[in-house]
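Chemist: Sequence lines, in order, name chains C and W. Number 99 in this note's numbering belongs to position 98 of the first sequence; there are no gaps in the numbering. Number 28 in this note's numbering belongs to position 29 of the second sequence; there are no gaps in the numbering. Note that the Cβ used here is the ideal one computed from N, Cα and C, for glycine as well.
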Amino acid sequence: MIDKFKQSTTLKVCLDDVGAHNKAILDFFFAKIGQHTFRCVDTQEDANVLLIDYDFPPARQRYEKDYQQWQKPSLILSISEVSLKNSIWLAKPLTSRALLDAAESLQAQLNSASTDVAAMAVDASAPIALDTATVNAPEKASLSPPPLPLVDKVVADKPTVNQTVSSSTMSPPEPMSESVSLPDSQVSASHRESEKADRILKLCGDNADINSAADLSNFYKDDNFFLSSLKDAIQLARQCQQGVLLNFPQARIYVLPEIHRIFCGIDIYDDEFIELIAACNVREGGKMHILSTGEIHELNDMISQQASALYDLEAFVWTSTLLSSKGNLPRALDPKKTIGLNHWPSLTRLEDIPHAMPIAAQWSDKAMNAFDIAKSLNIPQRYVFSFYNAANSLGLIEQDPQKLITKQSVPRTKDAPRGLFSRLLKRLVGG
Amino acid sequence: MSTANRKIIFTGPVGAGKTTAIRSISDIDIVTTDEQASDMAKARKPATTVAMDYGMIKLGENERVHLYGTPGQERFNFMWDILTEGGIGLVLLIDNSRKDPQQDLKFYTQAFKEFIAAQQLVVGITRMDTHRVPNVNDYRQWLDQLKIKAPVFEIDARKRDDVSLLIQAMLMSLAPGAEIL
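1) Using alpha carbons as the reference points, say which of C:K367, C:P346 and C:D366 lies closest to A357 of chain C.
2) May I have the straight-line CA-CA distance separating V64 of chain W from K24 of chain C, to the nearest angstrom?
3) My understanding is that T320 of chain C touches L228 of chain C, with C-beta atoms under 8 Å, so please give their C-beta distance in whole angstroms.
4) Cα separation between S172 of chain W and R126 of chain W?
5) Identify every run of the alpha helix (DSSP H) within the region 350-432 of chain C, keeping only runs that are complete inside it and at least 4 residues long; order them along the chain.
6) For S143 of chain C, which of helix, strand or coil comes out of DSSP?
7) Along chain W, in chain order, which residues have C-beta atoms closer than 9 Å to that of D17 of chain C?
8) Hey, does A15 of chain W have any beta-carbon neighbour from chain C nearer than 9 Å?
9) Just to confirm the assignment, what range does the beta strand (DSSP E) spanning S79 of chain C have?
10) Step through the CB atoms of chain C and report whether any lies within less than 9 Å of the CB of T83 of chain W.
11) Can you confirm whether the region 350-367 of chain C touches the region 239-252 of chain C when touching is taken to mean that 3 or more C-beta pairs between the two stretches lie within less than 8 Å?
12) In whole angstroms, give me the CA-to-CA distance for R61 of chain C and Y55 of chain C.
13) Mind checking G287 of chain C: buried by the 16 CB within 10 Å criterion, or exposed?
14) Is it right to say R407 of chain C is buried, meaning 16 or more other beta carbons lie within 10 angstroms of its own, or is it exposed?
15) How would you call L425 of chain C, buried or exposed, if buried means at least 16 neighbouring beta carbons within 10 angstroms?
16) Mapping DSSP to helix, strand and coil, what is W345 of chain C?
17) Which whole runs of the beta strand (DSSP E) in the region 270-325 of chain C are 3 residues long or more, in chain order?
18) Name the DSSP bridge partner or partners of D94 of chain W?
19) Please list, in chain order, the chain C residues whose beta carbon lies closer than 7 Å to that of P150 of chain W.
20) Taking the alpha carbon of T19 of chain W as the point to measure from, which residue in W:Q118, W:G54, W:L120 and W:F77 has its own alpha carbon closest?
21) Just how far apart, CA to CA, sit I154 of chain W and Y107 of chain W?
22) Any beta carbon of chain W sitting closer than 9 Å to that of Q363 of chain C?
23) Suppose you measure from the CA of E46 of chain C to the CA of I53 of chain C; what does that come to, to the nearest Å?
24) Assess contact between the region 159-174 of chain W and the region 134-144 of chain W, defined as three or more Cβ pairs (one per stretch) separated by less than 8 Å. Is contact present?
25) When the Cα atoms are used, what is the spatial distance from K91 of chain W to L142 of chain W?
26) Quick one: residues in its chain with C-beta nearer than 8 Å to the C-beta of S25 of chain W, no 5 flanking neighbours on either side, listed in chain order?
27) Provide the residue span of the beta strand (DSSP E) that contains N248 of chain C, from first to last.
28) Using only alpha-carbon positions, find the residue among C:K427, C:K404, C:L292 and C:L397 that is nearest to P258 of chain C.
29) Give me the Cβ distance between L145 of chain W and K105 of chain W, rounded to the nearest whole Å; I'm assuming they're in contact under 8 Å.
30) Closest Cβ-Cβ distance between P355 of chain C and chain W: below 9 Å?
31) Count the C-beta pairs between the region 293-302 of chain C and the region 267-283 of chain C that are closer than 8 Å, then say yes if the count reaches three, no if not.
32) Along the region 156-171 of chain W, what residues have a CB closer than 8 Å to any CB found in chain C?
33) Pick helix, strand or coil for C265 of chain C, following the three-state DSSP scheme.
34) In angstroms with no decimal places, state the Cα-to-Cα distance between A110 of chain W and A117 of chain W.
35) Any Cβ of chain C within less than 9 Å of the Cβ of N136 of chain W?
36) Would you kindly work out how many angstroms separate the C-alpha atoms of V385 of chain C and K337 of chain C, rounded to a whole number?
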């Protein structure tokens, strides 16, 4: 009877709304000490206790929008105290003791709320009232640093400069709302086009094509201080697999390798970021160090207040490289050297530049030099140089073509139907 | 003009977003064969595709590109060979929230090995917004280990732009330098 009772009060939790770091901690806990108390289920619907990482904005959003109304008892994980009806707050960093205490409290509440234990065991999703309670994990008991923040996608809707893969610079304007009168929409479309053109200018510059046989000594532009500092910080963060703070007087940049993100208080799509890149110098900042426990707490607070300042790491590096080079190449990248593209950039999450898709396809298919890529695609060299430089910053360029992976393919019985592909491409880009 | 050989195939595990991706890009209301899930798929979503999904992109009066989604469950793999016949490329969607996405990648690239070798693979990673690990670079390394060269994009299957870019990458890989007519 006792065994049965215990079985019925197993806490069924879903880890979908917990960030990777805490999820790893919980996975370990559930496999060991917590194995008789907790059981993982695949969805929150199946859970009888909601486990929510409140410092994880998408989880918090889902909880507030959907889960809360289910009135299931909840375990709320957060570094700051959270007082919600029907929930228990668990302070981060998580400890086994705090988890077990919370579990005991939840089980007691579940049992007392249910008049029919057997029925409850069958219907795990039955809403059960629970008083608000808090179980504070004794922070001093844990010597481990607090977990790095995990936040929802922030650069999900990348600013679109050019969605097309076409040889034309501009993509067609998006379909206009029916409620907008034609003159206004025309003005709006024109304004958007103008903004796009302006942004492309900032990203790729306006250099005219150069003769590949000409002396290129004045052409190169080495990485500026901001970009080289950023690359160093990312390298350090990756080597030690810990968050790194890069300090500038104008902004503090947090590199978070574990979640492949960068936190920067300045909007990288704003002119202020361009000013930051231009103003940085070795005398004022650029120092970096691994995040301390206090700084991680501070960062968690900042992220919860400004989630939009958290960028995908590759998107941040891509845009930073483009803005700091404006169509020029650093001395290390010779446009006459035959190189190849190891991997495509994840173009859905990177800021668009004209012709990025055809350049990626061409360079991925065949090792060539940058001049030949521009010539074969019949596009301005500055776009090829911009792509080359940004892809190189992401580590996607292979300087030794012998090392490139070639596709293991069988001969096609028919040539690719290029006419169809062209028409389909036109259709996809909105033509 | 014959339309028999103009097919793009969407595959991937249950819940990866195949039906949603086709719906995002199709010019017609998609035809689905969703049924109440009765097995492990039920844990991920209430209904699942049991035969195939079908959508279409219209290119003109007579020209069509057909979009086929395979059922995700392995026990329907007899359908896969039938669906890929005459296809121009494969869109593999991997759900980053699943327990072992690397294994999913291995499984589907192996299952469609011959088709991938003959045509072109593109990989779309879904649910990366809420599940940041593994990241896109991990997928690139895994494809290297499998000796497969394919674009890998993070996507949201509900967004037409994301699915469109994935297919554009497929077409561009098949015919680098293709112009837009």
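Modeler: From the atom records:
1) C:P346
2) 42 Å
3) With 8 Å as the limit, T320 of chain C and L228 of chain C do not qualify as a contact, their Cβ atoms being about 11 Å apart.
4) 25 Å
5) 357-366, 371-378, 382-394 and 419-429
6) Legend: pLDDT at S143 of chain C = 35, less than 50; position of this residue unreliable, value from coordinates given subsequently. If DSSP states are grouped into helix, strand and coil, S143 of chain C belongs with coil.
7) S96, T129 and H130
8) no
9) S75 to S79
10) no
11) no
12) 5 Å
13) buried
14) According to the sequence as given, residue 407 of chain C is Thr; it is not Arg. T407 of chain C should be labelled exposed.
15) buried
16) coil
17) 288-291 and 311-313
18) W:T125
19) W345
20) W:G54
21) 18 Å
22) yes
23) 13 Å
24) no
25) Here the sequence assigns Leu to residue 91 of chain W, which means Lys is not the residue at that position. Taking the straight line joining both Cα atoms gives about 12 Å.
26) G54, M55, I56 and L66
27) V245 to N248
28) C:L292
29) 7 Å
30) no
31) no
32) D160, D161, S163, L164, L165, I166, Q167, A168, L170 and M171
33) strand
34) 14 Å
35) yes
36) 12 Å
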